[in-house]
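In what follows, a structure is listed as structure tokens, so that the remarks can point back to it.
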Amino acid sequence: MGSRASTLLREEEIEEIKKETGFSHSQITRLYSRFTSLDKGENGTLSREDFQRIPELAINPLGDRIINAFFPEGLDREDQVNFRGFMRTLAHFRPIEDNEKNKDPTASEPLNSRTNKLLFAFRLYDLDRDDKISRDELLQVLRMMVGVNISDEQLGSIADRTIQEADQNGDNSISFNEFIKVLEKVDVEQKMSIRFLH
Amino acid sequence: MLTRLIQREGGSMEQEMGELRRYRTQSISRGEFALSDSFYFYRKGLESIVDDQVTQRFSSEELVSWNLLTRTNHNFHYISLRLTIIWGLGVIIRYCVLFPLRITLAIIGLSWLVIGTTLVGFLPKNRVKTWLSELVHLMCYRICARGLSATIQYHNKENKPQKGGICVANHTSPIDIVILANDGCYAMVGQCHGGLMGVIQRSMVRSCPHVWFERSEMRDRHAVTSRLRAHVAAKTNLPILIFPEGTCINNTSVMMFKKGSFEIGGTIYPVAIKYDPRFGDAFWNSAKYNMVSYLLRMMTSWAIVVNVWYLPPMTREEGEDAAQFANRVKSAIAHQGGLLDMAWDGSLKRDKVKEEFKEQQQKMYSSMVVGKKRRKSETFRKDNQDTVILE
């Protein structure tokens, strides 16, 4: 009944997740409660349906893309994500704390660094993972955001204009570096972060 | 709520998009798309994954401090021997002392309801019969309330529902009926059941008119409305008791009121019911527990402590349609009971959310892409549904 939360999440696991994602101990246990409350099948993993059951996510125009981000392996209907994977994806949205910038320089970049946040956003556009946002991929996301309210031609010209602005090497698509360049003035730290309470 | 995981920030879609696009030379009124526009949706999406307003309403409220019931303790760990001993004593008292007493009372109460109403049913239809019927009903509900150790405090009794009116309340559990019927007599509305419930229903209707529907009738909205209208029109009938949310919510918020009840006409008497969660969790999570296990849990809690507020009667105003009227009543109830007023539909417990809400957001975003020149034709609807959802 009440003891599921702590018996299924061992201390070692919590420590590992802490190291990998930077969340605090209490945040991890509370997020685990949330994870289990979403897990209607009670098998320790979440499926796409579990996410779609959240009404606010279901009405989000980019909801499906966001759900995809939790399942990196592919578009298989049977995909499941465990708590580690769940936390890893959420970690991208942790706010950047100042003291982290001075940490061990040999350690790999934290999941919530500015670059990694941008990479997360980039991957939501770049569906086929070829490290380029093509015109089609851009159009797909645009179409999801505007629904039926804008015509194909208009949307096409918007996509063309966006690529023109960003593209520097003339390959008619946006690479990750070009993406970073276009968004260099955007306050990514604030806009792609969620204020987690302790 | 105690375990709020995140603090939601940020303003409306317009505001956020404006901030995201600040680095660009064009102002938002000229429209156009920016690669960073999607950040708004990503953040909203992830915030809702971590903590959303709706799914938490369909599970029990979390308490600030433990009330010695394991069922309310979601993050159990062993704290001290003393606490465990106290808890153990609590279990013994609740299960071995209180529970048998309560079950006995409940059985007495229900049997008396069936026997009493059947006896009264033999009388011809006159003033004595009505008086006796009310007496029997009140007695039984009071015994049942004792059977749950319910302590009820009624406020503003001068606004109590009158005959020929419709009583409307927020719904948390089937016990709501017992709570309200302790202080007055109501005509119940519901589906015909089989088994024990069916026996109770059939005997109740012998002593005074209640409105029981066959399952097939329930689907026909017109038939339902006209039967209720006929009942209300006969001014001598008891006030009908309706729960417009349509399903049990966990008593921290009031969800959308279905407008059907507000189309019947007549005076609406709103009632707000608030349970004190420290003594026992009254919410019936019908997905998790069936009726019997729910009642057992109720009878092994410490007590049921309730506050009932009778609100002044309301009628539909000129130019107000049923949905707006329903929202007005809902706000009044939420405000009085200290509950959150939500526009989300309680049927989201089981059903998927409607596509139109996604389309609303897409429409709003499109107007930002195309530019302000389109703005005039899209007057934002006065319906408060928009603002709640887009927050």
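One line per chain: the protein sequences are A and B, in this order.
Positions 1019 to 1216 (the working numbering) are the ones given, in order, by the first sequence.
Positions 16 to 406 (the working numbering) are the ones given, in order, by the second sequence.
The beta-carbon is built from N, C-alpha and C at its ideal position, and this holds for glycine as well.
It should be emphasised that the depicted structure is a prediction, and the values quoted were computed from it without experimental measurement.
Secondary structure of B/His170 (DSSP, three-state): strand. By the CB criterion at 9 Å, B/Ile288 and B/Asp198 fall outside the cutoff.
For B/Gly105, the enclosing alpha helix (DSSP H) begins and ends at 96-107. Sorting A/Phe1197, A/Glu1033, A/Ser1152, A/Pro1073 by C-alpha distance to the C-alpha of A/Asp1189 places A/Ser1152 at the top. At a cut-off of 9 Å, the C-beta of A/Lys1037 has no neighbouring C-beta in chain B. A check of alpha carbon separations from B/Lys378 across A/Thr1063, A/Asn1078, A/Asn1061 identifies A/Asn1078 as the nearest. For the region 50-74 of chain B, the set of positions with a beta-carbon nearer than 9 Å to some beta-carbon of chain A reads Leu50, Ser51, Asp52, Ser53, Phe54, Tyr55, Phe56, Tyr57, Arg58, Lys59, Gly60, Leu61, Glu62, Ser63, Ile64, Val65, Asp66, Asp67, Gln68, Val69, Thr70, Gln71, Ser74 in chain order.
By the CB criterion at 9 Å, B/Asn185 and B/Ala349 fall inside the cutoff. 9 Å or more divides the Cβ of B/Met313 from the Cβ of B/Ala338. With contacts defined by Cβ atoms closer than 9 Å, B/Cys200 and B/Ile283 do not form a contacting pair.
For the region 353-387 of chain B, the beta-carbon criterion of a distance under 7 Å to any beta-carbon of chain A is satisfied by Trp359, Leu363, Lys367, Val368, Phe372, Lys373, Glu374, Gln376, Gln377, Lys378, Tyr380, Ser381, Val384, Val385. Nearest Cα to B/Leu125 within the set B/Lys273, B/Gln351, B/Leu153, B/Gln68: B/Leu153. For B/Val226, the enclosing beta strand (DSSP E) begins and ends at 226-228. Neighbours of B/Glu24 in chain A, taken as residues whose beta carbon is under 7 Å from its own, are Arg1213 in chain order. Secondary structure note for B/Trp127: its alpha helix (DSSP H) is the uninterrupted segment 114-136. With fewer than 16 neighbouring CB atoms inside 10 Å of its own CB, B/Met212 falls in the exposed class. Using a C-beta cut-off of 8 Å, the region 1137-1148 of chain A makes no contact with the region 1064-1071 of chain A, since fewer than three inter-stretch Cβ pairs fall below that distance. Counting only runs of 4+ residues, the alpha helix (DSSP H) found wholly inside the region 51-79 of chain B occupies 52-65, in chain order. In the three-state reduction of the DSSP assignment, B/Pro285 falls in the strand class. The C-beta distance from A/Leu1080 to A/Met1210 rounds to 13 Å, too long to meet the 8 Å contact threshold. With contacts defined by Cβ atoms closer than 9 Å, A/Leu1215 and B/Ile64 do not form a contacting pair. Under the Cβ criterion of 9 Å, A/Phe1194 is not counted among the residues facing chain B. Going by DSSP, B/Ala184 is part of no alpha helix (DSSP H) but of the beta strand (DSSP E) stretching over 181-184.
Residue contact with chain A for B/Phe48: present (Cβ-Cβ distance below 9 Å to some residue of chain A). The shortest CA-to-CA distance from B/Ala121 to any of B/Ser164, B/Glu31, B/Leu50 is the one to B/Ser164. Contact between the region 24-37 of chain B and the region 1158-1175 of chain A is absent, with fewer than three C-beta pairs closer than 8 Å.
The Cβ-Cβ distance between B/Pro189 and B/Met306 falls below 9 Å.
Short of 7 Å from the beta carbon of A/Thr1180, and not among the five residues preceding or following it, lie these beta carbons of its own chain, in chain order: Leu1156. Non-local C-beta neighbours of B/Ile264 in its own chain, meaning closer than 8 Å and more than five positions away in sequence, comprise Arg72, Phe73, Asn185, His186, Thr187, Met270, Phe298, Gly361, ordered along the chain. DSSP places A/Met1163 in the uninterrupted alpha helix (DSSP H) bounded by 1153-1164. Contacts between B/Ile215 and chain A, judged by CB atoms closer than 9 Å, are missing: the closest CB pair is about 32 Å apart. For chain B, the residues of the region 1041-1069 of chain A that bring a beta carbon within less than 8 Å of one of its beta carbons are Gln1045, Thr1047, Arg1048, Leu1049, Ser1051, Arg1052, Ser1055, Leu1056, Phe1069, in chain order. Around the C-beta of B/Leu61, 16 or more other C-beta atoms lie within 10 Å, and the residue is accordingly described as buried. Proximity of B/Arg37 to chain A, defined by a Cβ-Cβ separation below 9 Å, is satisfied. Residue state for A/Ser1065 is assigned as coil, using DSSP reduced to three classes. Comparing alpha carbon positions, the residue from A/Lys1058, A/Phe1041, A/Ser1051 closest to B/Arg365 is A/Lys1058.
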